[in-house]
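Student: The structure under discussion is supplied below as structure tokens; questions concerning it will follow.
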Amino acid sequence: MAIVSRKVSDLSGQEGTDIDFAQVVVRQHPKLDQPKALDVLVSELDVFKDIGDLVVLEVRMPDTSTRDIYVRLSDFNKASPDMDAVLRAARGTRGRLPGSRNGA
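At position 23 of the sequence shown the residue is numbered 30 (this note's numbering), and the sequence of numbers has no breaks.
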């Protein structure tokens, strides 16, 4: 007796070898409460159209809740007359705030 393992696409049910497959992680979807992984044939990836220049924002509310917002780059740039300068001057998310000193 032998055990046979087959890999099939979660989208089409078509069979392939490991080298034929990509893993697609669905990180956010209205009907999911946690990420899910799909095994998809590389040839099937074209069904997922890339939006293009996308900016992903994490919004942290005063009540400590967070949410992600996905915005086209052109819409993001409308938030300020010179968004490139705003981003250059913005503080990083790690380390000390600009201008702060350790052990004054």
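Note that the Cβ used here is the ideal one computed from N, Cα and C, for glycine as well.
1. Just to confirm my understanding: we take GLN21, look at its own chain, exclude 5 residues before and 5 after, and list those with CB closer than 7 Å. What are they?
2. Does DSSP put ILE76 in a helix, in a strand, or in coil?
3. Across which residues does DSSP place GLN30 in a beta bridge pair?
4. CA-CA distance, VAL32 and SER12?
5. Can you have a look at GLU51 and say buried or exposed, based on whether 16 or more other CB atoms are within 10 angstroms of its CB?
6. Hey, how far is the Cα of ARG101 from the Cα of ASN84?
7. Kindly identify the DSSP beta-bridge partner or partners of LEU64.
8. Pick from ASP91, PHE55, ARG34 and GLU65: whose alpha carbon is nearest that of SER81?
9. Taking the Cβ atom as the reference point for each residue, do ASP53 and ASP17 lie within a distance shorter than 9 Å?
Tutor: Quick answer:
1. VAL15 and LEU48
2. strand
3. ASP46
4. 22 Å
5. buried
6. 24 Å
7. ILE76
8. ASP91
9. no
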